[in-house]
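Asks: Residues in the sequence shown are numbered consecutively from 540, following the working numbering.
Even for Gly, the Cβ is constructed at its ideal location relative to N, Cα and C.
What you are looking at is a predicted structure, and each value in this text was computed from that prediction instead of being measured.
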Amino acid sequence: MRCDRLWTGARIATLAKHPGEVGVAVIDNGVIAASDGRILHVGPASEAPALDAVETIACDDRLVTPGLIDPHTHIVHAGDRALEFEQRLTGVSYEEIARAGGGIVSTMRATRAASEAELVASALPRVDALIAEGVTTIEVKSGYGLTTADELKMLRAARALGEARPLRIATSFLGAHALPPEFQGNADAYIRIVCEEMIPAVAAKGLADAVDAFCEGIGFTAAQTEAVFAAARTHSLPVKLHAEQLSNLHGAALAAKFGALSADHLEHLDDAGIAAMARAGTVATLLPGAYYFTRETKAPPIAGLRAAGVPIALATDCNPGTSPLTSLLLAMNMGATLFRLTVSECLAGVTREAARALGLLGETGTLEAGKSCDLAIWDVESPAELVYRMGFNPLHARVWKGR
Ligand code: DI6
Ligand code: FE
Numbered sequence: 540m541r542c543d544r545l546w547t548g549a550r551i552a553t554l555a556k557h558p559g560e561v562g563v564a565v566i567d568n569g570v571i572a573a574s575d576g577r578i579l580h581v582g583p584a585s586e587a588p589a590l591d592a593v594e595t596i597a598c599d600d601r602l603v604t605p606g607l608i609d610p611h612t613h614i615v616h617a618g619d620r621a622l623e624f625e626q627r628l629t630g631v632s633y634e635e636i637a638r639a640g641g642g643i644v645s646t647m648r649a650t651r652a653a654s655e656a657e658l659v660a661s662a663l664p665r666v667d668a669l670i671a672e673g674v675t676t677i678e679v680k681s682g683y684g685l686t687t688a689d690e691l692k693m694l695r696a697a698r699a700l701g702e703a704r705p706l707r708i709a710t711s712f713l714g715a716h717a718l719p720p721e722f723q724g725n726a727d728a729y730i731r732i733v734c735e736e737m738i739p740a741v742a743a744k745g746l747a748d749a750v751d752a753f754c755e756g757i758g759f760t761a762a763q764t765e766a767v768f769a770a771a772r773t774h775s776l777p778v779k780l781h782a783e784q785l786s787n788l789h790g791a792a793l794a795a796k797f798g799a800l801s802a803d804h805l806e807h808l809d810d811a812g813i814a815a816m817a818r819a820g821t822v823a824t825l826l827p828g829a830y831y832f833t834r835e836t837k838a839p840p841i842a843g844l845r846a847a848g849v850p851i852a853l854a855t856d857c858n859p860g861t862s863p864l865t866s867l868l869l870a871m872n873m874g875a876t877l878f879r880l881t882v883s884e885c886l887a888g889v890t891r892e893a894a895r896a897l898g899l900l901g902e903t904g905t906l907e908a909g910k911s912c913d914l915a916i917w918d919v920e921s922p923a924e925l926v927y928r929m930g931f932n933p934l935h936a937r938v939w940k941g942r
């Protein structure tokens, strides 16, 4: 079999799902063959067909995993909230800061004032931090523009990141993230604009791969979220939801009713929500960075999710307010330390299940013939090392689409 590139001597964690498997299966002395950016063959050298490669790369027994996937970020935004963080450390409350024009509205103002090029430029260092850890796919949300023009600008900036760097970008339209000040006291009117103006515009331009919303006391009600989902359905866009982060508005069950790709956060998820997600195959995307940064104490119901067989993904939630995190490796460590996820769940959470949460499992997330050749090659012996260290990056090489 002829191929463009052949990786040999690899210890391969394909992350392909084998029922009943405990822990991460690792193939010793494995090979991966790729052509035109796609995996042709993966498996032990002893079982490989004869492979005639243009270029051969020796992995010297390094661990090879699928390229990592960050399935929930707000990585496109202008400005930061470091001063607000500093104030909060001295005892100023979130409400006081919000009343003084801070909080999410300050990020909205900065994002509205920024050009598309400025948004790209400010996001790239954060994107590069993820790339340096072997990330090959990033989900990026809008939600700090909150006008049609500014939401479209954010989504164009998100798409542009995928032109500026070798990586796959999945975009989510999050117009229902926060109520812009000009609609104060009139949330239903804003939601009508989201449904009747923004979603049609975003869909017409093909700028969103999914539609998201923030269903929360400080966000939007379940009824408003349902209106957004109905508009998304009209335009054949899949949905996902920020659900049950600070309270239980039964958003996860609502999302499941619309066949959502994922429900995210989920600290306050109840048994009915778990059952609905399991039935719909909705992924639970957990965001331990936000849990850590906001000093939340109620962890998501991991045992219940596990028992129901709900797939679990992990993400950074990279955003300036509640999770200024640009390390997916640290998110894995936090998933283990804060939520007691296993090594296998953490690794699957940033590969296979993260791909599932983006509707991209047919394309990436595991190492299997036919998929995009997205690899992370690590200077470690065991998958546990990727989860165990804090603030150390053992990436040796990163491959996206075979290069
Ligand atoms: N949940 C969050 O934690 C962030 N957005 C969301 O829907 C907060 C975003 C911010 O404070 O800027
Ligand atoms: Fe978020």
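Note down the Cα distance separating residue 592 from residue 644, rounded to an integer number of angstroms.
Replies: 54 Å
Asks: Hey, would you say the C-beta of residue 611 is under 7 Å away from at least one heavy atom of ligand 2?
Replies: yes
Asks: Cα separation between residue 610 and residue 800?
Replies: Rounded to whole angstroms, the separation of the alpha carbons of residue 800 and residue 610 is 11 Å.
Asks: Tell me which residues pass a beta-carbon proximity test against ligand 1: closer than 6 Å to any heavy atom, given in chain order.
Replies: Taken from the N-terminal end onward, the list reads 643, 646, 716, 753, 781, 784, 829, 858, 859, 860, 861.
Asks: From 635, 668, 642, 714, pick the residue whose C-alpha is nearest to that of residue 618; which is it?
Replies: Of the candidates 635, 668, 642, 714, the residue whose Cα lies closest to the Cα of residue 618 is 642.
Asks: For residue 852, name the three-state secondary structure that DSSP assigns.
Replies: strand
Asks: Go ahead and pull the three-state DSSP assignment for residue 585.
Replies: helix
Asks: Could you give the residue range of the alpha helix (DSSP H) that holds residue 924?
Replies: 922-927
Asks: Ordered along the chain, which non-local residues of its own chain (more than five positions away) have a Cβ less than 7 Å from that of residue 887?
Replies: 554
Asks: Could you tell me which uninterrupted alpha helix (DSSP H) segments, each at least 4 residues in length, are contained entirely in the region 765-835, listed from first to last along the chain?
Replies: Within the region 765-835, the runs of alpha helix (DSSP H) at least 4 residues long that lie entirely inside it are, in chain order, 790-796, 810-819, 827-832.
Asks: Does residue 678 come out as helix, strand or coil in the three-state DSSP assignment?
Replies: strand
Asks: Looking only at DSSP bridge pairs, what is residue 883 linked to?
Replies: Bridge partners of residue 883: none, in fact.
Asks: Contact defined as beta carbons within less than 8 Å: I believe residue 550 pairs with residue 941. What is the distance between those atoms, to the nearest angstrom?
Replies: With 8 Å as the limit, residue 550 and residue 941 do not qualify as a contact, their Cβ atoms being about 20 Å apart.
Asks: Please return the same chain residues whose Cβ sits closer than 6 Å to the Cβ of residue 709, not counting the five positions on each side in sequence.
Replies: 678, 748, 897
Asks: Decide if residue 909 is buried, meaning its Cβ has at least 16 other Cβ atoms within 10 Å, or exposed.
Replies: exposed
Asks: Compare the C-alpha of residue 562 against each of 938, 900, 885, 912 and name the closest.
Replies: 885
Asks: Could you tell me whether the Cβ atoms of residue 939 and residue 601 are closer together than 8 Å?
Replies: No, the Cβ-Cβ distance between residue 939 and residue 601 is not below 8 Å.
Asks: Using DSSP's beta-bridge definition, name the partner residues of residue 578.
Replies: Beta-bridge pairing links residue 578 to 573.
Asks: Give the DSSP bridge partners of residue 605, in chain order.
Replies: 914
Asks: My guess is that residue 795 and residue 762 are in contact by the Cβ rule of under 8 Å, so how many angstroms apart are they, rounded?
Replies: So it is not a contact: roughly 17 Å between Cβ atoms.
Asks: At a threshold of 7 Å, does residue 856 count as lining ligand 2 (C-beta to nearest heavy atom)?
Replies: yes
Asks: Exposed or buried, which one is residue 664 when buried takes at least 16 other CB atoms within 10 Å?
Replies: Result: exposed.
Asks: By a C-beta neighbour count over all protein chains shown, 10 Å radius and 16 as the cutoff for buried, is residue 930 buried or exposed?
Replies: The Cβ neighbour count for residue 930, taken over all protein chains shown within 10 Å, is under 16; the residue is labelled exposed.
Asks: Using the DSSP secondary-structure output, state which residues sit across from residue 712 in a beta bridge.
Replies: 750
Asks: Does DSSP classify residue 593 as helix, strand or coil?
Replies: In this structure, residue 593 counts as strand in the three-state DSSP scheme.
Asks: DSSP three-state label for residue 550, please.
Replies: Strand at residue 550.
Asks: Measure the C-alpha to C-alpha separation of residue 787 and residue 727 and round it to an integer number of angstroms.
Replies: 21 Å
Asks: What did DSSP end up calling residue 624 once you bin it into helix, strand or coil?
Replies: helix
Asks: Can you tell me which of the three DSSP states residue 757 falls into?
Replies: coil
Asks: Output the boundary residues of the alpha helix (DSSP H) element that contains residue 938.
Replies: Careful: residue 938 lies outside any alpha helix (DSSP H), inside the beta strand (DSSP E) at 934-938.
Asks: Along the alpha helix (DSSP H) that carries residue 867, what are the first and last residues, could you check?
Replies: 867-878
Asks: Mapping DSSP to helix, strand and coil, what is residue 862?
Replies: DSSP, reduced to helix, strand and coil, places residue 862 within a strand of the structure shown.
Asks: Output yes or no for whether 8 Å exceeds the beta carbon distance between residue 848 and residue 817.
Replies: yes
Asks: Within a Cβ cutoff of 8 Å, which residues of the same chain sit near residue 987, ignoring the five residues on either side of it in sequence?
Replies: Since the first residue of the chain shown is 540 and the last is 942, residue 987 is not available in this structure.
Asks: Measure how close the beta-carbons of residue 581 and residue 900 come, nearest whole angstrom, since I'm counting them as under 8 Å.
Replies: Contact flag wrong, Cβ pair sits at about 16 Å.
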